[in-house]
Amino acid sequence: MSALKRVQQWATFARIWHIYDATWQNPFKSAEVVKKFLMGLYKPIYHPLNDCGDHVIIINSGEIALPGDEWKKRVYFHHTGYPGGASWTLAWELHTKDPTMILKKAIYNSMDGNLQRRHTMQRLHIFPDANVPKSLLDNVSNQIRQLRPVPTRLDRYTAEEVASYPKLIDYPKDYIIR
Amino acid sequence: MNITKRIVQNYIGKTIFNNETRRISIFPILNVKEIHEVQEGNQLIIYGQEKASPREPYLLKNNQTEKCPVCASGLNIKHTDVLILSQFVRLDGCMLPRRITGLCGKQQKRISTLVSMAQKAGLMPNLTPAWSKKDPKKRIV
Chain A
1 MSALKRVQQW
11 ATFARIWHIY
21 DATWQNPFKS
31 AEVVKKFLMG
41 LYKPIYHPLN
51 DCGDHVIIIN
61 SGEIALPGDE
71 WKKRVYFHHT
81 GYPGGASWTL
91 AWELHTKDPT
101 MILKKAIYNS
111 MDGNLQRRHT
121 MQRLHIFPDA
131 NVPKSLLDNV
141 SNQIRQLRPV
151 PTRLDRYTAE
161 EVASYPKLID
171 YPKDYIIR
Chain B
1001 MNITKRIVQN
1011 YIGKTIFNNE
1021 TRRISIFPIL
1031 NVKEIHEVQE
1041 GNQLIIYGQE
1051 KASPREPYLL
1061 KNNQTEKCPV
1071 CASGLNIKHT
1081 DVLILSQFVR
1091 LDGCMLPRRI
1101 TGLCGKQQKR
1111 ISTLVSMAQK
1121 AGLMPNLTPA
1131 WSKKDPKKRI
1141 V
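Protein sequence lines, in the order shown, are assigned to chains A and B. For the first sequence, position 30 matches number 30 in our numbering, and the numbering has no gaps at all. Basically our numbering = 1-based index in the second sequence + 1000.
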């Protein structure tokens, strides 16, 4: 086996580490994207019995954006197993308790319920903010593209940029600036 | 009695309520743009200063004068376009009325909705009414 082929063999079966910034992203659509990398679905060597999934680090999971009024309407059900042990938690309540939970459940539920699912979830590392241990961050070699761009806040622009941006309307002649 | 009443009504009514005789129109004629208040000792000086609009050099040309500025621009404005939305907002963060923006009713409604969406999303924290909760995370659902 030549040196090139040997390295190619290593690269093919090595676990790649991806990073994904969840700021302003829909967790349920992000789950479909992240799932592909976690399970290794994008690889030509993919097979359900072939353990070829990658690691994914998700940062800023506390900054996710739910569509519409899902913060109020989405309910997470849990049952302890005892009589009267059912509980229903709204999405915003769950998010205040644990900012990683909504994203974790979204990814868990996007995958088929088989024996591999728990092991695949072990390769997922979610952090509520951008503080990631350096030991994990050193492995990262790829960034997953965000589904939508994060908009810039008005106070992040300089005053010069705001003033010189093309204007649609002008003040009337008798307008008093207040 | 009737005659005196009519005379009084005519005379007083004309002098007080007739707009032609009462030529009070403060701002359009004086052309005031900005009001300054200067405190010098125990003397308060209030004066109006005419100012050229800071938007003049950056104004887009409206070629279709029958349309409102937003309709004529043909832009699909979203709530994330804060550089555009901030043009329709007063310095205290309130929406400008239609007689000042000069938009059609449809666009005025749309822009004011987008402005409140941007403010609720925390995208315009420096141009938001003082009573509103600027950080969406601190807003209890």
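Glycine residues also receive a C-beta, built at the ideal position from the N, C-alpha and C atoms.
Asked                                                                                                                                                                   : Found
Would you check if the stretch 1075-1084 of chain B and the stretch 1100-1117 of chain B touch, i.e. whether three or more CB-CB distances between them fall below 8 Å? : yes
Please confirm if M1124/B has its CB atom under 7 Å from at least one CB of chain A.                                                                                    : yes
When the Cα atoms are used, what is the spatial distance from R1022/B to I176/A?                                                                                        : With a pLDDT of 48 at R1022/B, under the threshold of 50, the modelled position of that residue is not reliable, and the figure given next carries that caveat. Taking the straight line joining both Cα atoms gives about 23 Å.
Leaving out the 5 sequence neighbours to the left and right, which residues in its chain are closer than 6 Å to E1037/B when beta-carbon positions are compared?        : I1046
Can you name the start and end residues of the alpha helix (DSSP H) that T89/A belongs to?                                                                              : From DSSP, T89/A is part of no alpha helix (DSSP H) but of the beta strand (DSSP E) over 86-90.
From I1100/B to I64/A, what does the alpha carbon distance come to, in whole angstroms?                                                                                 : 37 Å
Is D21/A close to chain B? Criterion is C-beta to C-beta, closer than 7 Å.                                                                                              : no
Among N142/A, Y82/A, Y165/A, which has the Cα closest to the Cα of L1060/B?                                                                                             : Y165/A
What's the C-alpha gap between I1029/B and S1132/B?                                                                                                                     : For I1029/B, the predicted structure reports a pLDDT of 46, less than 50, and the residue's modelled location is therefore unreliable. A value from the coordinates is still provided. For I1029/B and S1132/B, the distance between alpha carbons rounds to 37 Å.
For a contact meaning CB atoms closer than 8 Å, what does Y1047/B contact in chain A?                                                                                   : What Y1047/B touches in chain A: nothing, since even the nearest Cβ is about 13 Å away.
Which of helix, strand or coil does DSSP assign to F37/A?                                                                                                               : helix
Could you tell me which of K1106/B, Q1087/B, P1097/B, C1104/B sits nearest to E161/A, measuring between CA atoms?                                                       : Q1087/B
Taking C-alpha atoms, which residue in A91/A, I58/A, A163/A, R74/A lies nearest to L136/A?                                                                              : I58/A
Kindly confirm or deny that the stretch 80-98 of chain A and the stretch 16-35 of chain A touch, where touching means at least three C-beta pairs closer than 8 Å.      : no
Assuming I57/A is part of the beta strand (DSSP E), what are its boundary residues?                                                                                     : 55-59
Apart from the five residues just before and just after D129/A, which ones in its own chain have a Cβ nearer than 8 Å to its Cβ?                                        : I59, N60, G62
Suppose you measure from the CA of D174/A to the CA of K105/A; what does that come to, to the nearest Å?                                                                : 57 Å
How would you label C1068/B, buried or exposed, when you count the other beta carbons within 10 angstroms and need 16 or more for buried?                               : buried
With distances taken between CB atoms, is the gap from M101/A to K35/A smaller than 7 Å?                                                                                : no
Are any of the Cβ atoms in chain B nearer than 7 Å to that of L168/A?                                                                                                   : yes
For Q23/A, which residues of its own chain have a beta-carbon under 6 Å away from its beta-carbon, when the five flanking residues on both sides are left out?          : It should be noted that the sequence gives Thr, not Gln, for residue 23/A. Cβ within range, chain order: N60, E63, V150.
Going along the chain, which residues of its own chain have a beta-carbon closer than 8 Å to the beta-carbon of V75/A, five neighbours each way excluded?               : W88, T89, L90, A91
Against chain B, does I102/A count as a neighbour if the rule is that its beta carbon must be under 7 Å from one of theirs?                                             : no
To the nearest angstrom, how far is the alpha carbon of M1095/B from that of L147/A?                                                                                    : 31 Å
Does the beta-carbon distance from R1055/B to K167/A come in below 7 Å?                                                                                                 : yes
Any idea what DSSP makes of M1095/B, helix, strand or coil?                                                                                                             : strand
Could you please give the first and the last residue of the uninterrupted alpha helix (DSSP H) stretch that includes Q1049/B?                                           : Counting along the chain, Q1049/B falls outside any alpha helix (DSSP H), though it belongs to the beta strand (DSSP E) covering 1043-1049.
Could you spell out where the alpha helix (DSSP H) holding I102/A opens and where it closes?                                                                            : 101-110
What alpha helix (DSSP H) runs, 4 residues minimum, are completely inside the stretch 1051-1084 of chain B?                                                             : 1069-1073
Could you work out which residue in S1053/B, N1063/B, L1091/B is closest to A1130/B when comparing CA atoms only?                                                       : L1091/B
If Y20/A sits next to V56/A, beta carbons under 8 Å apart, how far is it from one beta carbon to the other, in whole angstroms?                                         : 6 Å
Could you work out which residues of chain A lie near R1055/B, taking near to mean beta carbons separated by less than 9 Å?                                             : A163, K167, I169, D170, Y171
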